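Single-structure report; data block below.
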Amino acid sequence: MAETELAQKLQRRLVLEDNEPPEDGDEEQQQNGEDKAPTSNADSELSAKLNRRQDINAGNAVPANRGKVFNPYTEFKEFSRKQIKDMEDMFKKYDSGKDGFIDMMELKFLMEKLGAPQTHLGLKNMIKEVDEDFDNKLNFREFLLIFHKAAAGELEEDSGLLALAKLSEIDVDVEGVKGAKNFFEAKVQALSSSSKFEAEIRAEQEERKRQEEEKKNRRAAFKELKSAFNQ
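Here the sequence shown is numbered in full-length UniProt numbering, starting from 1 and rising by one per residue.
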């Protein structure tokens, strides 16, 4: 609501400035006519940004990074399927509102749980560092960017995001977190992404198959024991 009122005020101000004739004999105002253009341009730019934010929040516009379907496994190839699943589990755990976002209060709770509480300004700066659509909260892609930047050595040592990446139980490889940017690049070159992806899927399938087999054996043993008691 505040953003809508501010945008409307700015638009009214622009209309008044454009239609208001200069006062007679006001030479100083005429001389400063060139100075009004930057102010008018700045107001127009701010108004456009506010209108864009309102459209995004209302669902009438799509941020640039949401133009295509997001696939974490293809976009963040430096991480294994297990690592991404662990990050997704962590994201869902602290998305207490179950709306697909981690807002400032949820991030505050997350950092407190990790033993690295942040100030209000610190939390705002953490979100700002990876907030691509300027909605002041983190979606899952922006959450993955935290670990991507940490593994690539792109975060400052005193960054709250680096503390989040280091203190979480998600292993993004020690070499990466310490800032060895070329580590993942060499890893990607050494292994075919597709074969690695397929190998992980097969491993998951084998694990599910093993669990189903164990469940089946337990059921058979239980039936056998039950029939023995009924004799």
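The C-beta atom is built at its ideal place from N, Cα and C for all residues, glycine as well. Please read all numbers here as calculations on a predicted model, not as lab measurements.
Item	Value
C-alpha gap between LYS85 and SER227, whole angstroms	42 Å
Stretch pair the segment 68-83 + the segment 197-207: three plus CB contacts closer than 8 Å	yes
Identity of the residue in ASN71, PRO72, GLU224, ILE102 nearest ASN136 by Cα	ILE102
Other residues of its chain near LEU123: CB distance less than 8 Å, five sequence neighbours each side excluded	MET104, LEU107, LYS108, MET111, GLY160
Alpha-carbon spacing of GLU88 relative to HIS120, whole angstroms	25 Å
Contacting residues, own chain, Cβ-Cβ under 7 Å from GLU142 (five flanking each side not counted)	VAL130, ASP131, GLU132
Chain-order list of residues whose beta-carbon lies under 6 Å from that of ASN139 (same chain, five-residue window excluded)	PHE101
Backbone secondary structure at LEU144 - three-state DSSP	helix
Cβ-Cβ distance between ILE127 and PHE147 below 8 Å	no
8 Å contact criterion, which ALA165 and ALA152 should meet: CB distance rounded	Going by Cβ atoms, the distance from ALA165 to ALA152 rounds to 11 Å, so no, they are not a contact pair.
Test item: CB-CB of LEU144 and PHE222 under 8 Å	no
ASP95, buried or exposed, once every other Cβ within 10 Å from all chains shown has been counted against 16	buried
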